[in-house]
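Take the sequence shown: its position 90, counted from the start at 1, is 90 in my numbering, and no numbers get skipped. Please read the structure below before turning to the comments.
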Amino acid sequence: MADGSAGELSGSYFGSEAFDDADWSEALIEHADFEACVFTNVVFRGAKVKVGRFADCTFVNCDLSLVEPVDTVFTGCTFRDSRMVGIDWTLTREETYLLHGAHVYRGCDISLSDFTGLDLRDVEFTECRARDVMFREAKLVNSSFNQTDLAGADFAHADLSGARLVGAIRVSLDPLITTLDGATLNPITAIRVVEALGIVVETDE
């Protein structure tokens, strides 16, 4: 399927199909099941996706900003060079309540999105813009943030055990309310974390 109207998607199963240059902005897509599909230059902006599933799908140069993923499950998806601003991921199906499946984000803008309380273990962010993202209480075990701008991101009560934040840019972490066991930090972030504990850091002159 090269493209298609949003109305043709509801209630259907799609396996290993490619969707190109489609505009589904502000559409209502219900009970659609996508498995191993590739979306390229597809506009989902403002769409409401209800009771759906995206398994092992790839999104390339798509616009998913303000999508409402109501009771929808995303597992093992890859997002590349896509705009994903202002998505409330907490709307995803509560019975699983996770975005796990080693999601990969590369070159994406996920600013102003909400991942509060979600299971994001093993997720990978590379060269992303993630400003003012809500990661509160999220399970970010073994996650990776490489060259990703985290200015204003909220990690309060999140679990970053084993996370790799060496390439994180402008990240702010409070070790008193964030789990950092085994996390790898760059020197600047590490010093800020230590100072947040009231420890004075001095360097030899």
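Glycine residues also receive a C-beta, built at the ideal position from the N, C-alpha and C atoms.
Judged by DSSP secondary structure, E195 falls within the alpha helix (DSSP H) whose first and last residues are P187 to A196. Under DSSP, the beta-bridge partners assigned to R80 are V60 and R106. Here A18 is exposed. Its C-beta has fewer than 16 other C-beta atoms within 10 Å.
For I29, the enclosing beta strand (DSSP E) starts and ends at L28 to E30. Separation of F44 and I29 (C-alpha to C-alpha, rounded to the nearest whole angstrom) is 10 Å.
Per the C-alpha coordinates, the member of I199, N142 and A190 positioned closest to I169 is A190.
By the neighbour-count criterion, in which 16 or more other beta carbons inside 10 Å mark a residue as buried, S144 falls on the buried side. Bridge pairing for F34: F14 and F54 [DSSP]. Taking the CA atoms as reference points, V42 sits about 14 Å from T78. Put simply, the backbone Cα of V133 is about 28 Å away from that of A22.
Here T75 carries a strand assignment [DSSP, helix/strand/coil]. Counting only runs that start and end inside the region 137–192, the beta strand (DSSP E) elements of at least 3 residues fall at 144–146. Listed in chain order, the non-local C-beta contacts of L112 below 8 Å within the same chain comprise V85, G86, R131, D132 and V133, local neighbours out to five positions each way being set aside. Per DSSP, the unbroken beta strand (DSSP E) holding E124 starts and ends at E124 to T126. Between D159 and L140, the C-beta gap is smaller than 9 Å, which places the two residues in contact. Listed in chain order, the non-local C-beta contacts of R106 below 6 Å within the same chain comprise R80 and T126, local neighbours out to five positions each way being set aside. In this structure, A36 sits near C57, with a CB-CB distance shorter than 9 Å. Relative to T75, the option among E68, F39 and V123 whose CA is nearest is V123.
For E68, the secondary structure class from DSSP, reduced to helix, strand or coil, is strand.
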